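A.B. asks:
2 protein chains.
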Amino acid sequence: MNDVARLAGVSQTTVSFVLNDVEGANIPPETKDRVLAAVKELDYRPNALARGLRSSQTHTIGFVTDRIAITPYAVRTLEGAQDLAWANGYLLLLVNTGGDQRLKQIAVDMMLERQVDGIIYATMYHRPVKPPANMLEVPAVLINCYTDDHSIASVVPDEVLGGRTAVETLLQKGHRRIGFALDSNPVPAAVGRLVGYKQALAASNIPFDPNLVQTAESIASGGYQATMALMSLPDPPTAIFCYNDRMALGAYNALRDLNLAIPDDIAVIGFDNQELIAADIAPPLTTMALPHYEMGQWGVQYLLQLIENPEQTQQNPPIQHILPCPLIERASV
Amino acid sequence: MNDVARLAGVSQTTVSFVLNDVEGANIPPETKDRVLAAVKELDYRPNALARGLRSSQTHTIGFVTDRIAITPYAVRTLEGAQDLAWANGYLLLLVNTGGDQRLKQIAVDMMLERQVDGIIYATMYHRPVKPPANMLEVPAVLINCYTDDHSIASVVPDEVLGGRTAVETLLQKGHRRIGFALDSNPVPAAVGRLVGYKQALAASNIPFDPNLVQTAESIASGGYQATMALMSLPDPPTAIFCYNDRMALGAYNALRDLNLAIPDDIAVIGFDNQELIAADIAPPLTTMALPHYEMGQWGVQYLLQLIENPEQTQQNPPIQHILPCPLIERASV
DNA sequence: TTGAAAGCGCTAACAG
DNA sequence: CTGTTAGCGCTTTCAA
Numbered sequence: 001m002n003d004v005a006r007l008a009g010v011s012q013t014t015v016s017f018v019l020n021d022v023e024g025a026n027i028p029p030e031t032k033d034r035v036l037a038a039v040k041e042l043d044y045r046p047n048a049l050a051r052g053l054r055s056s057q058t059h060t061i062g063f064v065t066d067r068i069a070i071t072p073y074a075v076r077t078l079e080g081a082q083d084l085a086w087a088n089g090y091l092l093l094l095v096n097t098g099g100d101q102r103l104k105q106i107a108v109d110m111m112l113e114r115q116v117d118g119i120i121y122a123t124m125y126h127r128p129v130k131p132p133a134n135m136l137e138v139p140a141v142l143i144n145c146y147t148d149d150h151s152i153a154s155v156v157p158d159e160v161l162g163g164r165t166a167v168e169t170l171l172q173k174g175h176r177r178i179g180f181a182l183d184s185n186p187v188p189a190a191v192g193r194l195v196g197y198k199q200a201l202a203a204s205n206i207p208f209d210p211n212l213v214q215t216a217e218s219i220a221s222g223g224y225q226a227t228m229a230l231m232s233l234p235d236p237p238t239a240i241f242c243y244n245d246r247m248a249l250g251a252y253n254a255l256r257d258l259n260l261a262i263p264d265d266i267a268v269i270g271f272d273n274q275e276l277i278a279a280d281i282a283p284p285l286t287t288m289a290l291p292h293y294e295m296g297q298w299g300v301q302y303l304l305q306l307i308e309n310p311e312q313t314q315q316n317p318p319i320q321h322i323l324p325c326p327l328i329e330r331a332s333v
Numbered sequence: 334m335n336d337v338a339r340l341a342g343v344s345q346t347t348v349s350f351v352l353n354d355v356e357g358a359n360i361p362p363e364t365k366d367r368v369l370a371a372v373k374e375l376d377y378r379p380n381a382l383a384r385g386l387r388s389s390q391t392h393t394i395g396f397v398t399d400r401i402a403i404t405p406y407a408v409r410t411l412e413g414a415q416d417l418a419w420a421n422g423y424l425l426l427l428v429n430t431g432g433d434q435r436l437k438q439i440a441v442d443m444m445l446e447r448q449v450d451g452i453i454y455a456t457m458y459h460r461p462v463k464p465p466a467n468m469l470e471v472p473a474v475l476i477n478c479y480t481d482d483h484s485i486a487s488v489v490p491d492e493v494l495g496g497r498t499a500v501e502t503l504l505q506k507g508h509r510r511i512g513f514a515l516d517s518n519p520v521p522a523a524v525g526r527l528v529g530y531k532q533a534l535a536a537s538n539i540p541f542d543p544n545l546v547q548t549a550e551s552i553a554s555g556g557y558q559a560t561m562a563l564m565s566l567p568d569p570p571t572a573i574f575c576y577n578d579r580m581a582l583g584a585y586n587a588l589r590d591l592n593l594a595i596p597d598d599i600a601v602i603g604f605d606n607q608e609l610i611a612a613d614i615a616p617p618l619t620t621m622a623l624p625h626y627e628m629g630q631w632g633v634q635y636l637l638q639l640i641e642n643p644e645q646t647q648q649n650p651p652i653q654h655i656l657p658c659p660l661i662e663r664a665s666v
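Protein chains in written order, with this note's numbering: chain R, 1 to 333; chain H, 334 to 666.
1) Could you tell me which chain H residues have their CB closer than 8 Å to the CB of PRO46 of chain R, listed as they occur along the chain?
2) For ARG497 of chain H, count neighbouring C-beta atoms within 10 Å of its own C-beta (all shown protein chains included) and say buried if the count is 16 or more, exposed if not.
3) Could you say which of R:LEU42, R:VAL15 and R:GLU41 lies nearest to PRO367 of chain R if we only look at CA atoms?
4) Could you name the residues of the region 608 to 621 of chain H whose beta carbon sits closer than 8 Å to any beta carbon of chain R, in the order they occur along the chain?
5) Going by CA-CA distance only, name the one from H:GLY512, H:MET628, H:GLN448 and H:ARG509 that's closest to ASN477 of chain H.
6) From what residue to what residue does the alpha helix (DSSP H) around LEU49 of chain R run?
7) Report, in whole angstroms, the separation of the C-beta atoms of SER158 of chain R and PRO324 of chain R, which I expect to be a contact under 8 Å.
8) Which runs of the beta strand (DSSP E) at least 3 residues long sit entirely within the region 128 to 158 of chain R? Give them in chain order.
9) Mind checking SER487 of chain H: buried by the 16 CB within 10 Å criterion, or exposed?
10) Within 10 angstroms of its Cβ, does ARG34 of chain R collect 16 or more other Cβ (buried), or is it exposed?
11) Where does the unbroken alpha helix (DSSP H) through MET564 of chain H begin, and where does it stop?
12) In this structure, what does DSSP give as the bridge partners for TYR458 of chain H?
13) Do the region 564 to 572 of chain H and the region 589 to 603 of chain H make contact, defined as three or more Cβ pairs closer than 8 Å?
14) Rounded C-beta distance between ARG409 of chain H and HIS625 of chain H? I'm assuming under 8 Å.
15) Could you have a look at GLY192 of chain R and say whether DSSP puts it in helix, strand or coil?
16) For GLN547 of chain H, write down the residues that DSSP places opposite it in a beta bridge.
17) With a CB to CB cut of under 8 Å and the five nearest residues on each side skipped, what residues in its chain are close to MET111 of chain R?
18) Suppose the cutoff is 6 Å on Cβ atoms and the five residues either side in sequence are ignored; what does the same chain contact list for LYS365 of chain H look like?
19) With a threshold of 8 Å, are at least 3 pairs of Cβ atoms found where one atom belongs to the region 167 to 185 of chain R and the other to the region 243 to 261 of chain R?
20) Find the residues of chain H that neighbour ALA50 of chain R, judging by a C-beta separation of less than 7 Å, and give them in chain order.
21) Taking Cβ-Cβ distances shorter than 7 Å, what residues in chain H pair up with ALA346 of chain R?
22) Pick out whichever of R:GLU329, R:PRO326, R:VAL333 and R:GLN305 has its Cα sitting closest to the Cα of ALA140 of chain R.
23) For the alpha helix (DSSP H) that LEU42 of chain R lies in, which residues bound it at each end?
24) Within its chain, find whatever has a CB closer than 8 Å to the CB of ALA220 of chain R; leave out the 5 residues flanking it on each side and keep chain order.
25) Determine whether the Cβ of VAL289 of chain H lies closer than 7 Å to any Cβ atom of chain R.
26) Classify GLN315 of chain R as helix, strand or coil using the three-state DSSP reduction.
27) Among all the DSSP beta bridges, which residues are the ones paired with ILE322 of chain R?
28) Leaving aside the five residues before and after TYR454 of chain H along the sequence, list all residues of the same chain whose C-beta is less than 6 Å from its C-beta, in chain order.
29) Measuring alpha carbon to alpha carbon, tell me which residue in R:LEU233, R:LYS198, R:LYS40 and R:PHE271 is nearest SER218 of chain R.
30) Using beta carbons (cut-off 7 Å, strictly below), is ASN96 of chain R in contact with chain H?
31) Name the two residues that bound the continuous beta strand (DSSP E) containing MET288 of chain R.
32) Nearest by alpha-carbon distance to ALA166 of chain R: which of R:THR227, R:CYS242 and R:ALA202 is it?
33) In angstroms with no decimal places, state the Cα-to-Cα distance between GLY507 of chain H and HIS483 of chain H.
34) Which chain H residues sit within Cβ distance under 9 Å of GLN82 of chain R?
35) Quick one: which chain R residues come within Cβ less than 7 Å of MET443 of chain H?
36) Got a sec: is the Cβ-Cβ distance from ASN253 of chain R to anything in chain H below 7 Å?
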């Protein structure tokens with residue numbers, strides 16, 4: 001910076017002023033140009049460490065996650081976060097802790113040492129979490145998860161509405177007996193989607209038949225089993241709502257073994273919109289999309305507000321934002 | 334740090350010495366303990382910016398990528414990189430530029446401003462690249478890509494050996510007429526796998542029949558078309574090697590329409606090991622895995638060597654590392 | 001064995 | 001409008 005100042009024939013302060021477009025200092029365009037020319041001439045690049053040290057603002061935000069890869073589609077959370085951060089001149093410092101609580105603690109410490117302006121904590125599955133306490137030393141928001149006491153701002157998908165929309169889609173096609181191949185783990189997604197399933201039924205005055213919800217592991221083989229169980233009912237369903245696309249794939253396999261055509265003999269709707277599966281199988285799967293990208297965006301967006309405008313933004317109790325799951329219509333319904 | 338020094342009754346220098354385990358300074362254990370106690374007492378956390386400013390080492394590495402999400406499985410590159418960085422006390426600064434050359438330039442600049450110790454440039458598809466010039470101001474390595482002049486260290490998958498292994502697997506099962514549903518784009522993966530295909534055939538003294546390689550778009554519908562073309566040959570193949578798992582999925586769809594059973598009537602082998610597809614379809618797909626995770630690891634590993642040991646590590650010409658693609662045996666062959 | 005002191009490159013009062 | 005100056009929190013030389 002001194003070199004630039006010297007070359008431009010001004011003081012280092014002036015350089016700083018033009019580089020930061022400081023309000024007060026009314027630098028004449030002529031001087032500004034001279035400085036900028038010197039910057040280009042010398043290929044000068046400001047040192048963000050020094051700047052951060054002085055201004056205690058690094059324009060960097062920490063992104064802590066349990067697993068980024070398991071649900072490939074969920075990586076879009078990271079993408080949404082990164083895109084929005086980037087658009088605001090922020091960079092993401094990434095740590096993937098793999099679920100170990102102590103590692104998370106350390107990860108946050110490393111970020112704090114690097115003076116991140118805020119921290120995002122994202123999970124791959126929608127679930128309650130206990131984030132490391134030190135995380136709250138800076139503004140923080142949770143993505144796809146929440147604390148039981150809702151003490152931290154968070155954004156999650158609307159599982160209930162998603163489940164309801166899926167079932168309503170089936171209802172609109174005239175189906176009255178709708179099976180549900182559900183995850184046997186009572187995770188928020190499973191609980192919420194079941195509530196949505198019941199709501200949709202109730203709204204159409206269809207009594208709830210517990211036989212129509214079959215739980216299994218939320219993978220292809222589980223979808224296969226649940227579908228087989230459903231179809232061997234004395235009065236089998238004419239449509240199946242699958243907890244996720246992997247189970248839907250299993251349902252496809254089962255239905256094929258049963259010689260049933262989709263959607264003519266039976267309709268199938270999934271959840272997750274894992275494009276690689278959903279778009280490519282035959283017939284293409286109608287499914288509900290999880291708003292991963294949007295959650296990533298919203299999380300960073302809100303975090304940035306928290307960072308730049310703490311008192312105005314922070315609500316009490318902290319905001320718990322819910323994003324809808326859009327219906328992706330393809331050909332299985 | 335001054336507070337810690339005061340509380341421990343030593344100078345700030347001493348605190349720095351014990352925190353950094355400095356060789357020269359022989360601090361008696363007694364003093365050391367006192368300092369450490371004070372650190373804990375005050376919940377002191379060093380400021381990495383100040384440290385970096387002084388020592389010009391941030392223990393942070395920049396990770397630039399074109400797309401992290403398109404090929405979900407490729408996100409494992411990021412995971413491998415992050416895991417290895419983490420194991421060495423480094424954090425990753427992430428930017429996903431989406432293919433815009435100017436953005437890449439800026440991304441690298443932002444990283445350089447933040448004084449990253451090195452930069453990784455990773456692509457989602459194996460291909461030649463022209464990385465921004467400023468990237469070379471710090472140690473750098475390329476993952477899943479390379480420059481035409483091989484002027485930067487890089488790591489890529491062994492496409493030729495992968496293709497060869499896939500075909501040899503088919504050969505070993507007794508197949509002699511092996512179709513190849515190939516990407517119509519002559520990308521390195523397509524070119525390499527075709528070379529491997531030919532090598533395997535030649536090694537078994539099977540003449541190359543150009544009719545047996547059908548090119549199409551490397552998605553499910555392309556796989557469908559290529560398979561149909563292959564099967565309508567006067568002398569159709571008994572096995573199909575698909576350029577990737579998406580095409581294999583299309584092949585499955587086609588074969589089903591043709592009422593051909595896999596693997597009894599015809600064998601199918603894929604490439605990529607996209608678990609979501611490969612493991613869940615019926616029958617589970619035998620395929621070649623791309624070493625994404627390993628490339629991520631190797632890239633960071635090598636970069637760290639470059640950073641910590643520049644002259645010893647840097648080879649001339651820069652190392653071009655090739656990692657094998659392991660065969661994942663399932664049930665389609 | 002420990003401490004004083006000089007910066008690393010920058011921002012931002014404060015003065016002129 | 002521009003320059004002087006005092007740090008931000010740390011590492012590290014040099015001296016004691």
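For glycine and all other residues, C-beta sits at the position ideal for the given N, C-alpha and C.
In this text the structure is predicted, and so the values were computed from the model without any measurement.
C.D. replies: Looking at the atomic coordinates:
1) At a C-beta separation below 8 Å, PRO46 of chain R has these neighbours in chain H: GLU446.
2) buried
3) Here chain R comprises residues numbered 1 to 333, so residue 367 of chain R is not present and cannot be evaluated.
4) Of all residues in the region 608 to 621 of chain H, LEU609, ILE610, ALA612, ASP613, ILE614 and ALA615 have a Cβ within less than 8 Å of some Cβ in chain R.
5) H:MET628
6) 48 to 55
7) Rather than Ser, the amino acid found at residue 158 of chain R in this sequence is Asp. So it is a contact: roughly 5 Å between Cβ atoms.
8) 140 to 146 and 154 to 157
9) buried
10) buried
11) 553 to 564
12) As far as DSSP is concerned, TYR458 of chain H takes part in no beta bridge.
13) Flag = yes, the region 564 to 572 of chain H and the region 589 to 603 of chain H touch.
14) 4 Å
15) DSSP places GLY192 of chain R within a helical segment (H, G or I) once states are collapsed to three.
16) H:ALA514
17) GLY62, VAL64, LEU93, VAL95 and ILE119
18) VAL351
19) yes
20) LEU386
21) In the structure as shown, chain R begins at 1 and stops at 333. Residue 346 of chain R is therefore absent and cannot be evaluated.
22) R:GLN305
23) 29 to 42
24) ARG246, MET247, LEU249, GLY250 and ASN253
25) Chain H is shown only over 334 to 666; residue 289 of chain H falls outside these bounds and no answer can be derived.
26) coil
27) R:VAL156
28) VAL397, PRO464 and LEU475
29) R:PHE271
30) yes
31) Under the DSSP assignment, MET288 of chain R falls in the beta strand (DSSP E) whose first and last residues are 286 to 289.
32) R:CYS242
33) 40 Å
34) ILE401, LEU427, VAL428 and ASN429
35) LEU91
36) Answer yes: the Cβ-Cβ gap between ASN253 of chain R and chain H drops below 7 Å somewhere.
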